[in-house]
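In my numbering, the protein residues as written are 411 to 643. Where a beta carbon is used, it is the ideal one built from N, C-alpha and C, also for glycine. This one's a predicted model, so the numbers in the text were calculated from it and none came from an experiment. Structure first, then comments.
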Amino acid sequence: MHRPACIDPLEADRGESRCLLCQRVDPPYERAVAYGSYDGELRDLIHLLKFQQVRPAAAVLGRMLAETVANLEQAMPVGRIAVVPVPLHTRKQAQRGFNQAEMIARGALRQLARPKRLELCTGVLLREHNTESQIALTRHQRRENLRGAFAVSDPTRILKRDILLIDDVLTTGTTGSECARVLLRAGAARVWVATVARTLKLNISDVFSLAGNLPEDLLEEGREDRLGMAAQG
């Protein structure tokens with residue numbers, strides 16, 4: 411599989427451009443990185459794991475995530491980092507038989523083999539509500555869908571610690587943002603996000619759900635950015 415470029419849409423401080431939505435709403439996490447874009451073979455591999463329960467795919471995805479985490483880790487503070495997979499609701503996990511984020515995280519940590527630096531913390535973040543699918547929802551609807559969905563079971567496990575939140579795909583960042591808010595309210599120092607894939611294309615509903623009172627010239631710039639991304643995809 412061709413290795414896609416590592417994607418970090420929040421790297422404005424390095425001179426990289428951020429989309430209109432990222433400029434308007436800064437997330438509560440420090441930085442989000444992904445191995446590649448959510449398309450082609452990478453998308454197929456994620457679907458094999460999530461929807462066809464082909465568990466060996468987790469090891470392949472774990473190797474990809476390990477490369478991404480290794481790069482991100484260099485920018486993180488010294489000390490032990492709590493690796494927290496985004497949880498599934500117990501009902502959905504029972505149906506699927508596993509949490510894909512946890513499986514991918516375990517695969518990545520096996521590759522990195524740094525137990526004194528990266529500590530897998532399962533069960534610390536809980537998904538208390540079995541939320542509906544985020545597909546086809548606007549950004550505002552996604553936030554409302556996830557409001558109150560997550561909770562921290564034992565704040566002492568993350569108190570004043572840097573957290574590395576792991577998921578399979580980052581779409582609009584809504585799930586990562588909600589998890590980060592919950593972790594920070596529970597006493598975490600900072601939250602970082604690493605995923606295997608990142609969706610770069612935005613729905614028109616995402617653009618206008620955050621547009622609000624933005625000037626028309628900025629709205630037009632957002633439309634052009636979206637159309638340009640679609641043409642490249």
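Query, Result
"Give me the Cα-Cα distance between D693 and V606, rounded to the nearest whole angstrom.", "The shown model of the chain, from 411 to 643, leaves out residue 693, and the question about it has no answer."
"Suppose you measure from the CA of L522 to the CA of G472; what does that come to, to the nearest Å?", "10 Å"
"Do the stretch 470–487 and the stretch 505–523 meet, that is, are 3 or more Cβ pairs less than 8 Å apart?", "yes"
"What's the C-alpha gap between V470 and A511?", "13 Å"
"Could you check the C-alpha separation between V451 and E538 for me, to the nearest Å?", "As written in the sequence, residue 451 is Glu, which differs from the Val given in the question. When rounded, the distance between both Cα atoms is 33 Å."
"Note down the Cα distance separating T609 from P437, rounded to an integer number of angstroms.", "16 Å"
"Taking 7 Å as the cut-off, is the CB of L569 close to at least one heavy atom of the ligand COA?", "Looking for the ligand COA in the displayed structure turns up nothing, as the structure carries no ligands at all."
"Leaving out five residues before and five after V603 in sequence, what residues of the same chain have Cβ atoms less than 6 Å from its Cβ?", "Y439, A442, L575, G586"
"Measure the beta-carbon distance from P497 to L536 and round it to whole angstroms, keeping in mind my assumption that it falls under 8 Å.", "6 Å"
"Determine the burial state of P466: buried for a count of at least 16 other Cβ atoms within 10 Å of its Cβ, exposed for fewer.", "exposed"
"May I ask you to list the residues that DSSP assigns as paired with V592?", "DSSP output for V592 lists no bridge partner at all."
"Please classify V488 as buried or exposed, where buried requires at least 16 neighbouring CB atoms within 10 angstroms.", "exposed"
"Is F461 buried or exposed, if buried means 16 or more other CB atoms sit within 10 Å of its CB?", "exposed"
"Would you decide whether Y581 is buried or exposed? Buried here means 16 or more other CB atoms lie within 10 Å of its CB.", "Inspection of the sequence shows that residue 581 is occupied by Thr rather than by Tyr. Classification of T581: buried, given that the 10 Å Cβ count is 16 or more."
"Could you tell me which residues DSSP pairs with E529 in its beta bridges?", "A492"
"Which runs of the alpha helix (DSSP H), 4 residues or longer, sit entirely within the stretch 461–487?", "466–483"
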